[in-house]
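Read top to bottom, the protein sequences are chains Z and C. Take any residue in the first sequence, count from 1 to its spot, add 1: that is its number in this note's numbering. Take any residue in the second sequence, count from 1 to its spot, add 23: that is its number in this note's numbering. Yeah, the Cβ is synthetic: ideal placement off N, Cα and C, and Gly gets one too. Values in this document were obtained by computation on a predicted structure and should not be read as measured data. First comes the structure, then the notes that go with it.
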Amino acid sequence: MEEKSFSDITYEQYLKEEKLMGSRCTECEAAYVPPRSICVQCFSSDMEWVEMKGTGRLAAFTCITIAPPFMIAQGYNRKNPYISGVVELEEGGRVDARIEGLDPNKPEDIKVGMPLKVKYLHTEVGDKEETFLAFEPL
Amino acid sequence: MKKNRKLGRGVAIVGAGMSKFGMFRDKDSKDLFADAFRELIVSVDKGFDPKDVDALYLGNFSNDYFMHQAHWGPIISDLVGIAPKPATRTEGACASSALAFREGVFAIASGFYDMVLVGGVEEMSKRTTEEVAEGLALATVPYEGRAGFTFPGVFGAVATAYFAKYGAHREHLMNITIKSHNNAPLNPKAQFPVTIADLMNKKKESLQKREGAAPDWQTEKDFLADARANPVVAWPMHLFDCCPISDGASCMLLVAEEIARNFTDDPIFVAGLGQGSGRGFHASDDLTYFEATRYAAREAYGMSGLTPDDIQFSEVHDCFSIAELVHVEDLGFFKPGQGYKAIADGATRLDGIKPINTSGGLKCKGHPVGATGISQLYEVWTQLRGLAGARQVPAGDLRIGAAHNLGGTGGTCTFTILERK
């Protein structure tokens, strides 16, 4: 058993190691991605880590032209939009993620339901290297 | 079996006021609340003494961020001359003042107070667009922000999920924008009192003058479909799908039912109250509705004994066009997946069977976030009393109206039903 807390901080640390991790309740087996430290089905705090396969389907998306400051710092703007989406994982559950490998200027070609696989974006933001969860077409 | 909640005693609205909404360089939050409060004073038919107000509940989302000034409760209680009576600030993102209204109702229903002032205020326009976007994004959930989602982005994603499930498309959202812009010129408090048709014709004229040629827009939808006139913000949300950046204030005077007629012969009563909280967009059961809105609606209908068919008109939180569409379904006005068809048939127009956002909605009336919830109830109060002038719902004999307010990306949702007896 690992000692890492079932927290957003650990979830982000695992992404740096290119692992998409969730938590599973050892009492009732309910699974959560991102992880929860308290099971909201049976209210046990006895959780274990489970690694997701990293495959799923696009459940919803948007192509963003008016970007927030931390995305502008990564070079995104009105002329260079990007895609954010919600991905339904093969194991069930959904995650928010960036969507890569599709043209944000052609949203009509992006289909809800299309199969995707995980990709980890290691990016310089200011003087820090950060990892963002992303998915791309299978 | 779920118990229907009831108030300990009835609560009535006997006065209301709101400032004009817009972008004001020469007015701050205190000036705007003073405008709203002055209107409230004269709105109380038989008059009242502000010294009799027992407490203030004030909704404000983020003047801390926008104006670098927090702790607005006592600033406003001092402004309106009720200090040292208690002042409490409520925060529920864009639903902040709907929460103030609820707390005020509960305080009277419990028997603790007899007369409460509730209100909301927000001052946003003195920041840049990027700063406002960053300030509003404080109310998303952390995973959304990390994935690059903005507020329009989350609602854009809701639209793609809705389109995929029900076969609707952008043109259906245009019906909502056009309808709101048709109502707004009838509301003297609105930030954008202009129809899409007028905007289109003005833009044609100016392009003709400047460039010697005008685009060949035949209809309002041609105009809205042209990216030069209506650029994308977060696909499929375009500029005219999004509410503006606004300053404004709103307030209401609440009293116990048994003393209501001391202040007016036409009090408006609280019939139903509902509030829900959401789990974040990605974690919802379904991406085409808001769980917190559905919960709030069930609570309010249960308390009032009313059904969606009883609601004669409603203000609905339309921060983005798609929000109005999914919420008219969540509130039970139309079946899931049927809302866009009913809207296309004109059901939500001022002269439709279920007028929605007679005020012009957040889209055109403006959205000073902390003031919005009570400004929606102000519209319902005005309509129920028959004082809405050119935008009065023509059906006549209005008895029951409602207001739905949403905060964040669905984290806080309220539904409030008002009744004229």
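Can you give me the C-alpha to C-alpha distance between residue i and residue j, rounded to a whole angstrom?
| i | j | result |
| --- | --- | --- |
| residue 85 (chain C) | residue 350 (chain C) | 25 Å |
| residue 255 (chain C) | residue 73 (chain C) | 48 Å |
| residue 372 (chain C) | residue 438 (chain C) | 20 Å |
| residue 153 (chain C) | residue 302 (chain C) | 26 Å |
| residue 112 (chain C) | residue 124 (chain C) | 11 Å |
| residue 283 (chain C) | residue 328 (chain C) | 22 Å |
| residue 24 (chain C) | residue 393 (chain C) | With a pLDDT of 49 at residue 24 (chain C), under the threshold of 50, the modelled position of this residue cannot be trusted; read the value that follows with caution. Looking at the two C-alpha atoms, the distance is approximately 35 Å. |
| residue 76 (chain C) | residue 258 (chain C) | 47 Å |
| residue 105 (chain C) | residue 71 (chain C) | 13 Å |
| residue 347 (chain C) | residue 365 (chain C) | 13 Å |
| residue 18 (chain Z) | residue 125 (chain Z) | 16 Å |
| residue 397 (chain C) | residue 404 (chain C) | 10 Å |
| residue 262 (chain C) | residue 253 (chain C) | 5 Å |
| residue 352 (chain C) | residue 320 (chain C) | 11 Å |
| residue 40 (chain C) | residue 415 (chain C) | 17 Å |
| residue 164 (chain C) | residue 128 (chain Z) | 25 Å |
| residue 247 (chain C) | residue 197 (chain C) | 7 Å |
| residue 179 (chain C) | residue 287 (chain C) | 45 Å |
| residue 175 (chain C) | residue 215 (chain C) | 19 Å |
| residue 110 (chain Z) | residue 104 (chain Z) | 8 Å |
| residue 40 (chain Z) | residue 46 (chain Z) | 6 Å |
| residue 425 (chain C) | residue 316 (chain C) | 13 Å |
| residue 184 (chain C) | residue 54 (chain C) | 42 Å |
By the criterion of Cβ-Cβ separation under 8 Å, what are the contact partners of residue i in chain C?
| i | result |
| --- | --- |
| residue 134 (chain Z) | 169, 170 |
| residue 114 (chain Z) | 187 |
| residue 72 (chain Z) | 171 |
| residue 138 (chain Z) | Result: empty, since nearest Cβ-Cβ is about 16 Å, beyond 8 Å. |
| residue 99 (chain Z) | 170, 171 |
Keeping to the same chain, check which residues put their C-beta closer than 6 Å to that of residue i; ignore five residues upstream and five downstream.
| i | result |
| --- | --- |
| residue 384 (chain C) | 203, 341 |
| residue 7 (chain Z) | 24, 36, 38, 48 |
| residue 382 (chain C) | 210, 388, 402 |
| residue 113 (chain Z) | 59 |
| residue 430 (chain C) | 115, 116, 117, 118 |
| residue 63 (chain Z) | 85 |
| residue 2 (chain Z) | Any reading at residue 2 (chain Z) must be qualified, since the residue scores a pLDDT of 49, below 50, and its modelled position is unreliable; no value is offered. |
| residue 87 (chain C) | 93 |
| residue 121 (chain C) | 396, 428, 437 |
| residue 331 (chain C) | 355, 356 |
| residue 62 (chain C) | 40 |
| residue 56 (chain Z) | 91, 118 |
| residue 127 (chain C) | 80, 139, 141, 277 |
Which chain C residues are close to residue i, counting only those with a beta carbon under 9 Å from its beta carbon?
| i | result |
| --- | --- |
| residue 1 (chain Z) | Because chain Z is modelled from 2 through 139, residue 1 (chain Z) falls outside the range shown and cannot be assessed. |
| residue 96 (chain Z) | 166, 170, 305 |
Among the residues of its own chain, which have a CB less than 8 Å from the CB of residue i, if the five just before and after it don't count?
| i | result |
| --- | --- |
| residue 32 (chain Z) | 23, 24, 25, 26, 51, 92, 93, 94 |
| residue 108 (chain C) | 76, 77, 78, 79, 100 |
| residue 56 (chain C) | 42, 99, 102, 103, 142, 144, 272, 274 |
| residue 95 (chain C) | 52, 81, 83, 86, 112, 144 |
| residue 79 (chain Z) | 66, 67 |
Looking only at its chain, what residues have a beta carbon closer than 7 Å to the beta carbon of residue i, apart from the 5 residues adjacent to it on each side?
| i | result |
| --- | --- |
| residue 370 (chain C) | 376, 377 |
| residue 243 (chain C) | 201, 219, 220, 223 |
| residue 444 (chain C) | 292 |
| residue 133 (chain C) | 31 |
| residue 326 (chain C) | 27, 28, 29, 295, 296 |
| residue 160 (chain C) | 168, 173, 174 |
Which chain Z residues are close to residue i, counting only those with a beta carbon under 7 Å from its beta carbon?
| i | result |
| --- | --- |
| residue 349 (chain C) | In chain order: nothing, as chain Z lies at least about 12 Å away. |
| residue 519 (chain C) | Residue 519 (chain C) lies beyond the stretch modelled for chain C, which goes from 24 to 444, so this question has no answer here. |
| residue 3 (chain C) | The structure shown does not extend to residue 3 (chain C), since chain C is modelled only from 24 to 444, so the question has no answer here. |
Residues of chain Z with CB under 9 Å from residue i, in chain order?
| i | result |
| --- | --- |
| residue 371 (chain C) | Here the premise fails: no neighbours, minimum Cβ distance about 24 Å. |
| residue 294 (chain C) | The contacting residues do not exist; residue 294 (chain C) stays about 33 Å from chain Z at best. |
Of all Cβ atoms in chain D, is any one closer than 8 Å to the Cβ of residue i?
| i | result |
| --- | --- |
| residue 156 (chain C) | You won't find chain D in this structure, because its protein chains are Z and C. |
Check the Cβ of residue i against every Cβ in chain Z and list those closer than 8 Å, keeping chain order.
| i | result |
| --- | --- |
| residue 151 (chain C) | Near residue 151 (chain C) there are no residues of chain Z at all, since even the closest Cβ is about 11 Å away, more than 8 Å. |
| residue 181 (chain C) | 61 |
| residue 445 (chain C) | The structure shown does not extend to residue 445 (chain C), since chain C is modelled only from 24 through 444, so no value can be given for it. |
For residue i, which residues in chain C fall below 7 Å Cβ to Cβ?
| i | result |
| --- | --- |
| residue 9 (chain Z) | 165 |
Evaluate the contact criterion for the stretch 65-76 of chain Z versus the stretch 167-174 of chain C: three or more CB pairs, one atom per stretch, below 8 Å.
Flag = yes, the stretch 65-76 of chain Z and the stretch 167-174 of chain C touch.
contact_flag[the stretch 285-300 of chain C, the stretch 94-103 of chain Z] where n(CB pairs < 8 Å) is 3 or more:
no
Cβ-based contacts, 8 Å cut-off: residues of the stretch 35-69 of chain Z near chain C:
35, 60, 61, 62, 63, 64, 65, 66, 67, 68, 69
Give me the subset of the stretch 227-261 of chain C whose CB atoms are less than 8 Å from a CB atom of chain Z, sorted by chain position.
Listed by position, the residues of the stretch 227-261 of chain C near chain Z (Cβ gap below 8 Å) are 254, 255, 256, 257, 258, 259, 260.
Cβ contact check for the stretch 285-293 of chain C and the stretch 404-422 of chain C: 3 or more pairs under 8 Å:
yes
Would you list, in chain order, the members of the stretch 110-134 of chain C that have their beta-carbon closer than 9 Å to a beta-carbon of chain Z?
Those residues of the stretch 110-134 of chain C that come within reach of chain Z (Cβ to Cβ, closer than 9 Å) do not exist; the list is empty.
Residues in the stretch 307-334 of chain C having any Cβ partner in chain Z nearer than 7 Å
310
Between the stretch 228-248 of chain C and the stretch 86-102 of chain C, do three or more beta carbon pairs fall short of 8 Å?
No: fewer than three Cβ pairs fall under 8 Å.
I'd like to know if the stretch 183-194 of chain C and the stretch 267-281 of chain C are in contact, where contact means that at least 3 CB-CB pairs between them fall below 8 Å.
Contact check between the stretch 183-194 of chain C and the stretch 267-281 of chain C: fewer than three CB pairs, one atom from each, fall below 8 Å, which does not count as touching.
Quick check: the stretch 128-139 of chain Z against the stretch 43-52 of chain C, are there 3 or more CB pairs under 8 Å?
Judged by Cβ distances under 8 Å, the stretch 128-139 of chain Z makes no contact with the stretch 43-52 of chain C, as fewer than three pairs qualify.
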